[in-house]
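For the sequence shown, position 20 (counting from the first letter as 1) is numbered 232 according to this note's numbering, and the numbering increases by one without interruption. Glycine included, every Cβ here is placed at the ideal spot set by N, Cα and C. If you're wondering where the values come from, they're calculated on a predicted model, not measured in any experiment. Remarks on the structure that follows.
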Amino acid sequence: MKIMVCGKGGTGKSALSVLMARLLSDKYKVYLIDSDESNELLPKMLGTSSPRPLAEYLGGKQKIFKIGEINIVKALETASGGIKPGALPEEYVSRSPEGIGLLTIGKVRKLGEGCACPFNFLTKVFLKNLRLDEGEIVLVDTDAGIEHIGRGVEEGSDGVLAVADPTVESLTLAKILKDNCEAGAKDFWLVLNKVTPEISDILKKMAKRMGLEVTGVVRYDPQIFRSSLQGSKLEAGEALNDVKLLLEHMNLL
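Quick look at the structure:
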């Protein structure tokens, strides 16, 4: 299964992706794909090193559009056809202590190097042609916002987990994600993140009025805040139990 973790900036997508990956690693072989062209914290959260970006495997960002989808697939696929994450060169897949595989699409780092469109295109092609074995699962930590919808990145996924923080903006974006998932026959889940019990009740009522069903609620966790502030391996307290319940409601545990 291939699940995209989406939402506006600051909702906690990366932290949730890491906690989900850890819990799922007891049952599945998990791969976490970093498709955010700006965030650098994910490897540290996972407790591993940064892998080489897949864009470099294809000759760099500027060549991605030029070589096109067919040649990208040819460069990445195995002899049996399709792209298998476990068959990529080891420098492009780093491993966490739990055995979670981390892949990075690419990063924007230089003044005037251009937009992140090639990275979105590469993510789309990669997901669409990704072939998973039984017992494998992929989580995609996306870039902030919904530009990836316009780029059609969701086409290669099985579903979307929308992450909402205590703002009406995040619920509005979740509604857009839900509508697109329904149009594309994709699974959709909504999690309220970084909330107190009082705020959770308010958000649930707002979500219901917008036609959104809440799949799970993850409480604000000072341990997550502290480890994110320090740039260290992600630590979690009560939020970890909440994420476990979320995964159970998603029928993944």
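Item, Value
"Rounded to whole angstroms, how far is the Cβ of Val455 from the Cβ of Leu288, which I believe are closer than 8 Å?", "Not confirmed; about 31 Å, so no contact."
"Give the range of the alpha helix (DSSP H) segment to which Arg438 is assigned.", "434-442"
"In chain order, what residues of the same chain have a beta carbon less than 6 Å from the beta carbon of Lys390, not counting five sequence neighbours either side?", "Phe400"
"Does Ala386 pass the burial test, meaning 16 or more other C-beta atoms within 10 Å, or should it be called exposed?", "buried"
"With a threshold of 16 other CB atoms inside 10 Å of the CB of Arg421, please say whether the residue is buried or exposed.", "exposed"
"Taking the continuous beta strand (DSSP E) assigned at Glu348, which residues delimit it?", "348-353"
"Looking at Ser229: is its Cβ nearer than 8 Å to the Cβ of Thr335?", "no"
"Please report the straight-line C-alpha distance between Ser250 and Tyr304, rounded to a whole angstrom.", "18 Å"
"For the alpha helix (DSSP H) containing Asn392, list its first residue and its last residue.", "380-395"
"For the alpha helix (DSSP H) holding Val230, just list the boundary residues, first then last.", "225-236"
"Using the DSSP secondary-structure output, state which residues sit across from Tyr243 in a beta bridge.", "Gly313, Val350"
"I'd like the span of the alpha helix (DSSP H) that includes Arg421, first residue to last.", "409-421"
"Per DSSP, Leu404 is paired with what?", "Ala376, Val429"
"Kindly indicate the opening and closing residues of the beta strand (DSSP E) around Val305.", "Taken as a continuous stretch (DSSP letters only), Val305 belongs to no beta strand (DSSP E), as it is neither H nor E."
"Is the Cβ-Cβ distance between Val242 and Ile312 less than 8 Å?", "yes"
"If you measure between the beta carbons of His461 and Thr408, is that distance less than 8 Å?", "no"
"With a threshold of 6 Å on Cβ separation, who are the neighbours of Gly298 within its own chain once the five nearest residues in sequence on each side are excluded?", "none"
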